[in-house]
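In this note's numbering, the protein residues as written are 816 to 1012.
Printed below as a string of structure tokens:
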């Protein structure tokens, strides 16, 4: 291992812990990029890609869920408003709840973007946590949007015929909405793991 600088970070370094002493069995110099920064196996040059994909997944999937929930609910509201136009504002609840899903994705995407750095400052662990956070809130928001759209469409139609159905529709919408909230909570916890470590 002649010519190896002791200040270089380890790349594929094998460490043995014996009697509180560290014995390094193998050294390998880091890779050097064209801009002068160094990357290692724990912080490769492609690590920020996963963080960017996490941010994109968060906003894309949650917006898809919000769009479907809004459109599907709007079909039911439009059909119901022909017979009872006085219930239009009361029936806008599914549209509002579907729009909140996109805010969940926006929050997590903004958190992920704030933690993005070029390698080697942004490690694989950080990128995988951000990727999982984005997928969590995005796909949960997509599923929640589907549920809100279907429940909202049939709920506003039935509420127009039977006003007592309003409370039941509201409860169903709340339980559909919390699916996206669960994804938001998991996404924030995953992102916090980066800052605590």
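C-beta atoms are modelled at their ideal positions from N, C-alpha and C, and glycine is treated no differently.
Please read these numbers as outputs of a predicted model, since none were measured by experiment.
For residue i, count neighbouring C-beta atoms within 10 Å of its own C-beta (all shown protein chains included) and say buried if the count is 16 or more, exposed if not.
i            : result
residue 838  : Here the model assigns residue 838 a pLDDT of 42, short of 50, so the residue's position is not dependable and the matter cannot be decided.
residue 1010 : exposed
residue 836  : Low per-residue confidence applies at residue 836: pLDDT is 46, beneath 50, and the placement is therefore not dependable enough to give any value.
residue 909  : buried
residue 1004 : exposed
residue 863  : buried
residue 860  : exposed
Cutting at 6 angstroms between CB atoms, please list the residues of its own chain near residue i, excluding the five before and the five after it.
i           : result
residue 999 : 919 and 952
residue 892 : 906 and 971
residue 995 : 916, 919, 955, 956 and 959
residue 903 : 896
residue 884 : 913, 960, 963 and 964
For the alpha helix (DSSP H) that residue i lies in, which residues bound it at each end?
i           : result
residue 887 : 862-898
residue 968 : 939-976
residue 927 : 908-929
CB-CB under 8 angstroms to residue i, same chain, minus the five flanking residues each way: which ones, in chain order?
i           : result
residue 932 : 863
Beta-carbon within less than 7 angstroms of residue i's beta-carbon, same chain only, minus the 5 sequence neighbours each way: which residues are those?
i            : result
residue 968  : 887, 888, 890 and 891
residue 1008 : 944
residue 997  : 955
Contact between the stretch 942-960 and the stretch 864-871: three or more CB pairs below 8 angstroms? yes
The stretch 967-987 in contact with the stretch 928-936 per 3-pair CB rule at 8 angstroms: No: the two stretches stay apart, fewer than three of their Cβ pairs being nearer than 8 angstroms.
contact_flag[the stretch 932-941, the stretch 954-973] where n(CB pairs < 8 angstroms) is 3 or more: no
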